[in-house]
Amino acid sequence: MQRQLIILDNGASTIKVGILNKDPEPRIITNAVVRSKGDKMSYFGHEIALCKDYSSLHYRLPFEKGYLVDWDAQKAVWDGIFSDEVLGVDTTQSSLLITEPYFNLPNIQDVYDQMIFEEYEFSSYHRCTPASLIPYGQLFSQPGLPPAECTIVVDSGFSFTHVVPMIDGKIVWNAVKRLDVGGKLLTNQLKELISFRQWNMMDETYIMNDVKESCCFVSTNYMQDTETCRVDPKHNPIVQEYMLPDLSTNRKGRIRHPDDIIAESDQILVMNNERFTVPELLFRPDDIGLDQAGLPATISHSISLLPRDLQGMFWANIGLIGGNANFQGFRERLMSELQTLAPVDYEVGIYECDNPITEAYTSAYHFASEDGLTGHHFVTRAEYLESGSNPSRRKFRDWKVYQEYEKEKPANAKEAGTSFSTTTTNARGSGTRGRQQQQQQSQKESGGGDQPTSQAPGGQGVAGGSGKSSRARSTRTAAAASASATSAGAGSGNGNRRR
Numbered sequence: 001m002q003r004q005l006i007i008l009d010n011g012a013s014t015i016k017v018g019i020l021n022k023d024p025e026p027r028i029i030t031n032a033v034v035r036s037k038g039d040k041m042s043y044f045g046h047e048i049a050l051c052k053d054y055s056s057l058h059y060r061l062p063f064e065k066g067y068l069v070d071w072d073a074q075k076a077v078w079d080g081i082f083s084d085e086v087l088g089v090d091t092t093q094s095s096l097l098i099t100e101p102y103f104n105l106p107n108i109q110d111v112y113d114q115m116i117f118e119e120y121e122f123s124s125y126h127r128c129t130p131a132s133l134i135p136y137g138q139l140f141s142q143p144g145l146p147p148a149e150c151t152i153v154v155d156s157g158f159s160f161t162h163v164v165p166m167i168d169g170k171i172v173w174n175a176v177k178r179l180d181v182g183g184k185l186l187t188n189q190l191k192e193l194i195s196f197r198q199w200n201m202m203d204e205t206y207i208m209n210d211v212k213e214s215c216c217f218v219s220t221n222y223m224q225d226t227e228t229c230r231v232d233p234k235h236n237p238i239v240q241e242y243m244l245p246d247l248s249t250n251r252k253g254r255i256r257h258p259d260d261i262i263a264e265s266d267q268i269l270v271m272n273n274e275r276f277t278v279p280e281l282l283f284r285p286d287d288i289g290l291d292q293a294g295l296p297a298t299i300s301h302s303i304s305l306l307p308r309d310l311q312g313m314f315w316a317n318i319g320l321i322g323g324n325a326n327f328q329g330f331r332e333r334l335m336s337e338l339q340t341l342a343p344v345d346y347e348v349g350i351y352e353c354d355n356p357i358t359e360a361y362t363s364a365y366h367f368a369s370e371d372g373l374t375g376h377h378f379v380t381r382a383e384y385l386e387s388g389s390n391p392s393r394r395k396f397r398d399w400k401v402y403q404e405y406e407k408e409k410p411a412n413a414k415e416a417g418t419s420f421s422t423t424t425t426n427a428r429g430s431g432t433r434g435r436q437q438q439q440q441q442s443q444k445e446s447g448g449g450d451q452p453t454s455q456a457p458g459g460q461g462v463a464g465g466s467g468k469s470s471r472a473r474s475t476r477t478a479a480a481a482s483a484s485a486t487s488a489g490a491g492s493g494n495g496n497r498r499r
């Protein structure tokens, strides 16, 4: 592409942003507007690093429950990113690749178009989900082997944890499952525990989020660690002390080292079983009354909805992205529990990357730098000015297209699933061509019209296996469908493979 391409992974907690051919590693910007209680100043996104007092910060988040709803706050953050203080770009002479939430609502998608083309006047842009970019990165790559065609992307982020199956780079939307546990819930749970047991930290979101990231880990033996925590803290290896900010020498707070000299004015936070009981909610959400299965059972249930003859490949290709994948012991615990759920003749393979937070950005960068992202993936400003959001709805085929497919698929769903699974075991080109032919045949049998074909990266999802789809006929029912894409399920087995 002749114009410079800006890659913007617009997360609910942080934004990962950079320019193609200039920023292989992204700049990480907090996606929030905060107001400091100390100096009464407001800080927008990248300016938060300039704040001198991180105590009692008041947060204004653009995202609420996983969806972008406060566009004024989001625009304030984006204005800073595009300014000379960060990227220093002319948006009218640039193209944009931006990520959006899974199961994003149609009216919110229309506002994306309006903001990008009317407020910033980008020449063109492409919108997709984070998981749809992962197949073009290095997460599942192995030397000497072709790319895996059947993968599971576990995206554990700020608002939710999504289990996203993909076949040949396309999301299988009817098998996508959501666990309503993310980084925000874990931080809030830690605030409540510490406030009840030690200091009142309910207003210290920034500090407690840092405590969570610095001290917490996923226990590989929960019962044993619980017994260990009952020992005297002086002889308890799990206990860790965190020095709270003092606004002078210790501005942000840090873990206390054994050689540190404690002054009388220092406030020490003693982290005991809180270190592992908080991340445990990813595996046991019922501990706080959340009526959902844990992450391992959610993955198992998602795989059970996929074509039976492909399930072994999904068990062997599970990738971890998102900030919660940084917890120490996360992969080991997930592997241990998945081995008890997988069928005995399947091996379990879990792939992890160096930085799960930036993996979507680096995958997009890799995809675009190798000319995989071409002009037909983008919607231009001229198209928007002529036809509104209709070009975006056609090109950025998302989960709603799967609902349209469900309405037109053959009555014998089992037979259709078998036919589909046969085509996907072929080469990439023939598999995609086979699916297109099958969809056309399905439409002829049901009397439907022409169905648009899928388009990378991660636009239209494909239908695989049985399983029920969410049906959205309006914005309100779309929201209900999004909320119902939650977890449940079971299985059994073992196996092991490590990258």
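Numbering (the UniProt record's numbering), first residue to last: 1 to 499.
Glycine is no exception: its CB is placed at the ideal position from the N, C-alpha and C atoms.
If you're wondering where the values come from, they're calculated on a predicted model, not measured in any experiment.
When the five nearest sequence neighbours on each side are left out, the beta carbons in the same chain lying within less than 8 Å of the beta carbon of residue 141 are those of 147, in order along the chain. Pairing residue 266 with residue 135, the inter-Cα distance amounts to about 48 Å.
Contact between residue 108 and residue 59 is ruled out by a C-beta separation of about 21 Å, above the 8 Å threshold. When the five nearest sequence neighbours on each side are left out, the beta carbons in the same chain lying within less than 7 Å of the beta carbon of residue 252 are those of 54, 210, 245, in order along the chain. Just measuring C-alpha positions, the residue of 323, 374, 377 sitting nearest residue 352 is 323.
A distance below 8 Å between beta-carbons, with the five flanking residues on each side excluded, links residue 367 to the following residues of its chain, in chain order: 133, 136, 137, 373, 457. Nearest C-alpha to residue 227 among 263, 159, 276, 358: 276. In this structure the region 166-179 does not lie against the region 16-27, because fewer than three pairs of beta carbons, one per stretch, are closer than 8 Å. In this structure, 256 is the residue among 202, 256, 126, 169 with its C-alpha nearest to the C-alpha of residue 214. Per DSSP, the beta bridge partners of residue 94 are 4. Taking 8 Å as the upper bound for CB-CB distance, residue 160 and residue 139 are not in contact here, some 20 Å apart. Residue nearest to residue 129 within the set 383, 225, 157 is 157 (criterion: CA-CA distance).
Taking 8 Å as the cut-off, the beta carbon of residue 288 is found closer than this to the beta carbon of residue 189. For residue 191, the three-state secondary structure derived from DSSP is helix. 8 Å or more divides the Cβ of residue 380 from the Cβ of residue 94. Apart from sequence neighbours up to five positions away, the residues of its chain that approach residue 205 with a beta-carbon distance below 8 Å are 57, 59, 187, 191, ordered along the chain.
Rounded to the nearest whole angstrom, the CA to CA distance from residue 242 to residue 14 is 24 Å. Following the DSSP letters along the chain, one finds residue 111 inside the alpha helix (DSSP H) bounded by residues 106-114.
A direct Cα-to-Cα measurement between residue 77 and residue 20 gives close to 20 Å.
Note that the C-beta distance between residue 283 and residue 333 is below 8 Å. Check the Cα spacing between residue 220 and each of 330, 364, 340: the tightest is with 330. If you ignore the 5 residues before and after residue 278, its C-beta comes within less than 6 Å of the C-beta of 186, 189, 190, 216, all in its own chain and listed in chain order. Setting aside the 5 residues that flank it on each side, residue 116 is surrounded in the same chain by 96, 122, 125, each with a C-beta closer than 7 Å to its C-beta; the list follows chain order. Collapsing the DSSP output to three states places residue 256 in coil.
The straight-line gap separating the alpha-carbon atoms of residue 80 and residue 225 is approximately 45 Å. Nearest in C-alpha terms to residue 249, of all of 258, 263, 239, is 263. Within the same chain, 161, 281, 282, 285 come within 6 Å of residue 181 by CB-CB distance, once the 5 residues on both sides are set aside. Comparing alpha carbon positions, the residue from 293, 292, 238 closest to residue 272 is 238.
Counting only the Cα atoms, residue 155 lies some 21 Å from residue 69. Secondary structure within the region 143-217: the beta strand (DSSP E) runs of 3 or more consecutive residues, fully enclosed, are 150-156, 161-167, 177-179 (chain order).
For residue 320, the enclosing beta strand (DSSP E) begins and ends at 318-321. If you draw a straight line from the Cα of residue 52 to the Cα of residue 359, it is about 30 Å long. For residue 271, there is no enclosing alpha helix (DSSP H); the enclosing beta strand (DSSP E) covers residues 268-271. Residue pairing for residue 58: DSSP places it in a beta bridge opposite 35.
Note on geometry: alpha-carbon atoms of residue 196 and residue 268 lie some 15 Å from one another.
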